[in-house]
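Asks:
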Amino acid sequence: MSNRAPNCIRCKTQMAPGYLLEAGDHNARTVTQWVDGHPEKSFWVGLKTKDRDVMPVMTYRCPACGYLESYAHTAKE
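All letters in the sequence shown, in the order written, are residues 17 to 93 by the working numbering.
1) Can you grab the Cα-Cα spacing for the pair R26 / V73, in whole Å?
2) First and last residue of the beta strand (DSSP E) that includes A39?
3) Could you compute how far the alpha carbon of D69 sits from the alpha carbon of V51?
4) Is the distance from the Cβ of S58 to the Cβ of T75 below 8 Å?
5) Where does E93 fall in DSSP's three states?
6) Taking only the alpha-carbon atoms, compute the straight-line gap between P79 and T65 and give it to the nearest angstrom.
7) Please return the same chain residues whose Cβ sits closer than 8 Å to the Cβ of G40, not counting the five positions on each side in sequence.
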């Protein structure tokens with residue numbers, strides 16, 4: 017995908033870049049991440065992510081209608 021923000025599929029307005037905020041342990045703020053595969057529980061860390069692709073999620077919001085569209089780009093994109 018190019019560096020240009022996509023246009024909204026509903027109203028065709030250019031979307032604004034942003035991200036979805038996660039509040040973790042002790043209210044630590046992080047960006048939502050996409051993890052390859054199905055969730056597997058882990059006693060110590062909640063969910064297992066070892067040997068899986070994990071990518072930050074970039075989310076775009078339409079300023080006209082509020083529609084959200086998310087992408088998980090690889091590091092080289």
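Glycine is no exception: its CB is placed at the ideal position from the N, C-alpha and C atoms.
Replies: On the basis of the coordinates in this document:
1) If you number the sequence shown from 1, residue 26 lands on position 10. If you number the sequence shown from 1, residue 73 lands on position 57. Answer to the nearest angstrom: the Cα atoms are 21 Å apart.
2) The count along the sequence shown starts at 1 and reaches residue 39 at position 23. Note, A39: beta strand (DSSP E), L37 to A39.
3) Within the sequence shown, numbered from 1, the residue matching residue 69 stands at position 53. Within the sequence shown, numbered from 1, the residue matching residue 51 stands at position 35. Each residue's Cα considered, the two are about 6 Å apart.
4) Here residue 58 is taken as the residue at index 42 of the sequence shown, counted from 1. Here residue 75 is taken as the residue at index 59 of the sequence shown, counted from 1. No, the pair does not count as a contact, with Cβ atoms beyond the cut-off.
5) Taking the sequence shown and counting its residues from 1, the one referred to as residue 93 is at position 77. Low local confidence applies: a pLDDT of 47 at E93 is under 50, so the model's placement there is unreliable, with the coordinate-based value given in what follows. Of the three classes helix, strand and coil, the one that applies to E93 here is coil, per DSSP.
6) If you number the sequence shown from 1, residue 79 lands on position 63. If you number the sequence shown from 1, residue 65 lands on position 49. Distance between the alpha carbons of P79 and T65: 34 Å.
7) Mapped onto the sequence shown, residue 40 falls at position 24. Contacts found: T46.
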